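Numbering-wise (the working numbering), the sequence shown opens with residue 1336 and increments by one.
Backbone N, C-alpha and C fix where the C-beta goes; we use that ideal spot for every residue, glycine too.
None of the values given here were measured: they were computed from a predicted structure.
So the structure is just underneath, and the comments pick up after that.
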Amino acid sequence: MKTLRTPLARARGLGSAKSGTEHWWLSRLTSLALVPLTLWFVISVIGHLDASWIEMRAWLSSPWPAVLMILTVGVTFHHAASGLQVVIEDYVHHELAKTFAIIAVKFLCLLLAVAGIFSVLKIAFGG
């Protein structure tokens, strides 16, 4: 039977191409957000190289440094998960392994982001 559908249209299990654009934009936005956040982080760390634990805790207890640190941690791990997902989708060809790897990466990034944010909050609120 002859069909008018292209080979791409006949491909099964590949899903819609609509979500790729959103993923691409989110990746670009997180990388753009990481530029000032990373500059702030590096400058802040260099500025506090000789600081004691008490001084660092006092600095991180201030609202702006705490909020910026939480943003840095959250955006970093979101960007990492997004980028690693693309690498896995491109280079892992076995569907079950691909699905497991993507779930594992997203879970690990979420776990590390929550741990980082919890640590900042614990320091900021004097824990």
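Contact set for residue i: own chain, Cβ-Cβ below 7 Å, skip 5 residues either direction
| i | result |
| --- | --- |
| His-1413 | Thr-1365 |
| Thr-1407 | Leu-1372 and Phe-1376 |
| Met-1391 | His-1383 |
| Val-1427 | Lys-1433 and Ala-1436 |
Burial state of residue i, where buried means 16 or more other Cβ atoms lie within 10 Å
| i | result |
| --- | --- |
| Val-1380 | exposed |
| Val-1455 | buried |
| Thr-1411 | buried |
Cut-off 6 Å between Cβ atoms - residues of its own chain near residue i, not counting five sequence neighbours on either side
| i | result |
| --- | --- |
| Gln-1420 | Ile-1437 |
| Leu-1447 | Phe-1412 |
| Ala-1415 | Cys-1444 |
Three-state secondary structure (DSSP) of residue i
| i | result |
| --- | --- |
| Phe-1453 | helix |
| His-1428 | coil |
| His-1358 | helix |
| Ala-1368 | helix |
| Ser-1396 | coil |
| His-1383 | coil |
| Leu-1339 | coil |
| Phe-1376 | helix |
| Phe-1460 | coil |
Neighbourhood of residue i by C-beta distance below 8 Å, restricted to the same chain and skipping five residues each side
| i | result |
| --- | --- |
| Ala-1386 | Trp-1394 |
| Ser-1417 | His-1358, Leu-1361, Ser-1362 and Thr-1365 |
| Leu-1367 | none |
| Lys-1441 | Ala-1416 and Gln-1420 |
| Ile-1423 | Lys-1433, Ala-1436, Ile-1437 and Val-1440 |
Closer than 8 Å is the cut-off here; do at least three beta carbon pairs connect the stretch 1453-1462 with the stretch 1396-1411?
Output reads yes: the stretch 1396-1411 touches the stretch 1453-1462.
Below 8 Å, how does it come out for the stretch 1441-1453 and the stretch 1421-1432: are there three or more Cβ pairs, yes or no?
The stretch 1441-1453 vs the stretch 1421-1432: no contact.
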